[in-house]
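Note that our numbering has the sequence shown beginning at 3, numbered continuously upward.
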Amino acid sequence: MFYFSPWPLLTLIAGLALTVLILLRLDLGLPLVAAAAPFYLYPRALLGKEFSMVEILTLLCALSWGVRRILNPKSLIPQFPNSLDLAALFFVLIASASLFVADYRHVALRELRVLILEPVLFYLMLRTSRLNRQAIWRMVDFFVLGAVIVALIGLAQYALGVNIITAEEGFRRLRSVYGSPNSVGLYLGRVLPLLVAVVLFGASRGRRIVYGLVTVPLGLAVLLSFSKGALLLGVPLSLLSLGALAGGWWLWGSLSALGAAGVAAIPLLRTPRFGSLFDTQSGTLFFRLHLWRSSWAMFREHPWLGVGPDNFLYHYRGRYILPAAWEEPNLSQAHNVLLDYATRMGLAGLAAGAWLQIAFWRLALPLRRLTDPDHRALALGLMASMVNFLAHGLVDASYFLVDLAFAFFLTLGLIQWLARSESNELEI
């Protein structure tokens, strides 16, 4: 009601009610953040400015978290920071330091706020709040709910022929709440492995049925986005990693399933969009190669702290764009996970990204042997989701979009909870 209300008085009342709810029940506020992440492009006017709901909810949760810390310190978990916590802190410090080299500081400050500080704050609240098993699964369910809404909106639009992108030779692409169909593949690709993991390995019959049902619209939405990165890298490799992490015959099962899907997808290779996949003279690969060369040149001239948060666009189109790539001057990212960190935050940013990955996998890999089937399914799904982050990030965005940033730190926070709560349940 707070988001949709057109009347100031109703907005005020609904806003106060939402604030009270989150103050009293932080365990309900945090899942709302997870659900709201993909809708960041649709802000709410507030006090003469516009803020996304994910930002508003994060700040309300921070208020609740802070009040609890003051009034009841025992409601938070006192603990010494581990390697993943320190990596997140280092990431914040490097991003903050890169502000000082940014030529366009106003956009850098905004990106620091919405892509670094607020997602890490969300992680901090997940990490330190006393959340029980029910609260954690509520978090996962709301994360899935947000993705399902994105998929259903996109499918409805596709059926009605509205808000779609018409690509090569009239190829229709679903884009839902995003500006680009590729963003659909990026976000839903983070959720899809989690759904599959719970369906295959979970113990809760009700959740397995529901997740199995919603996998259909999510998978269809990813397919109709016709995102090359999602269909050829992110989804296949994340599902393959799911089989590999599960072990035993699951690896062979995932290989067989991917093989069958590959055969079924052969007709796609005859379409204009996928038929030019390896064409280095025109099309997507042509522009990607030129973009990567320009990004490498940008990194070489700004090696230590990069060009600063959200400054890539201005440097790229102002100096580094190659003449042959003149048709796509308004790119705000390098479309590669390594070059993205490198151009924004330099070698220090690359080190921060690498530390986050190493710390995550050191914490996560032992969880594949959990004895609790639901927790094991969640751990496997989170690891497969991280594989999607890396695989799809080879050719597209990885972290530096609001929804992807929150999904990333949600993944880290959930893995931390699993590691803490299940430390005595690992099979040795």
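No residue lacks a Cβ here, since even glycine has one placed at the ideal position from N, Cα and C.
Which residues mark the beginning and the end of the beta strand (DSSP E) in which E52 is found?
Element bounds for E52: 51 to 53.
Residues in the same chain with beta-carbon distance under 6 Å from L315, minus the five sequence neighbours each way, listed in chain order, please.
Here the set comprises S334.
Check whether the Cβ atoms of A393 and L239 sit closer than 8 Å, and answer yes or no.
yes
Do you know offhand how far S2's Cα is from Q359's?
Outside the displayed span of the chain (3 to 430) sits residue 2, for which this structure offers no information.
Just to confirm, are N390 and G236 a CB contact at a threshold of 8 Å?
yes
Going by other Cβ atoms of all chains shown within 10 Å of its Cβ, with 16 needed for buried, is E120 buried or exposed?
buried
Grab the span of the alpha helix (DSSP H) containing L48 for me, first residue to last.
Note, L48: premise wrong, no alpha helix (DSSP H); beta strand (DSSP E) at 46 to 48.
Which ranges does the alpha helix (DSSP H) cover as unbroken runs of at least 4 residues, wholly within the region 330 to 382, from first to last along the chain?
Listed in chain order, the complete alpha helix (DSSP H) runs (minimum 4 residues) inside the region 330 to 382 are 339 to 366.
Threshold first: 4 residues or longer. Then list the alpha helix (DSSP H) segments lying entirely within the region 285 to 335, N to C.
285 to 303, 314 to 317
Nearest to F93 by alpha carbon, out of L416, L233, Y401, I417?
Y401
Bridge partner(s) assigned by DSSP for I15:
BP columns for I15 are empty, so no partner.
Could you work out which residue in K230, S243, S229 is closest to A199 when comparing CA atoms only?
S243
Starting from T168, follow its DSSP beta bridges and name the residues at the other end.
R174
What's the call for E329, buried or exposed, on a 16-neighbour Cβ count within 10 Å?
That one is exposed.
Taking the alpha-carbon positions, what's the E113 to D312 distance?
Taking the straight line joining both Cα atoms gives about 6 Å.
With a cut-off of 8 Å, do at least 3 Cβ pairs link the region 44 to 54 to the region 87 to 106?
no
What does DSSP give as the partner residues of S131 in its beta bridges?
According to DSSP, residue pairing for S131 in a beta bridge involves L78.
Locate the alpha helix (DSSP H) running through W252, then write down its first and last residues.
251 to 266
For G104 versus G310, is the C-beta spacing smaller than 8 Å?
Checking the sequence, you will find Ala at residue 104 rather than Gly. Contact flag set, yes.
Rank N74, T13, S66, A39 by C-alpha distance to the C-alpha of A47 and give the top, closest one.
T13
Do the CB positions of L32 and M127 come within less than 8 Å of each other?
yes
Which residues bound the alpha helix (DSSP H) around E113?
Residue range 107 to 113 is occupied by the alpha helix (DSSP H) that includes E113.
In the DSSP assignment, find the unbroken alpha helix (DSSP H) run with I118 in it and report its ends.
Counting along the chain, I118 falls outside any alpha helix (DSSP H), and DSSP gives it neither H nor E.
Inter-residue CB distance, A336 and G308 (contact presumed, cutoff 8 Å)
Contact flag wrong, Cβ pair sits at about 10 Å.
Rounded to a whole number of angstroms, what is the C-alpha to C-alpha distance between A409 and L260?
25 Å
So, using beta-carbon positions, are S178 and A223 closer together than 8 Å?
yes
Counted within 10 angstroms of its Cβ, other Cβ atoms place T1 as buried (16 or more) or exposed
The structure shown has nothing for residue 1, since the chain only spans 3 to 430.
Rounded distance between the beta-carbons of A205 and P375, thought under 8 Å
4 Å
Residues of its chain near G415, where Cβ-Cβ distance is below 7 Å and the 5 sequence neighbours each way are ignored
Y125, L128, R129
Going by the CB atoms, is the gap between N338 and V404 shorter than 8 Å?
No. Outside cutoff.
In whole angstroms, what is the alpha-carbon distance linking N134 and L18?
27 Å
Three or more C-beta pairs under 8 Å: does that hold for the region 284 to 298 against the region 72 to 84?
no
Using the Cβ count rule (16 or more neighbours within 10 Å means buried), how would you classify I58?
buried
What residues in its chain sit with their C-beta under 6 Å from that of I138, if we drop five residues either side in the sequence?
The answer, listed in chain order, is W419.
May I have the straight-line CA-CA distance separating R458 from W252, to the nearest angstrom?
The structure shown does not extend to residue 458, since the chain is modelled only from 3 to 430, so the question has no answer here.
Neighbourhood of L196 by C-beta, 6 Å cutoff - its chain only, sequence neighbours within 5 removed
G383, S387
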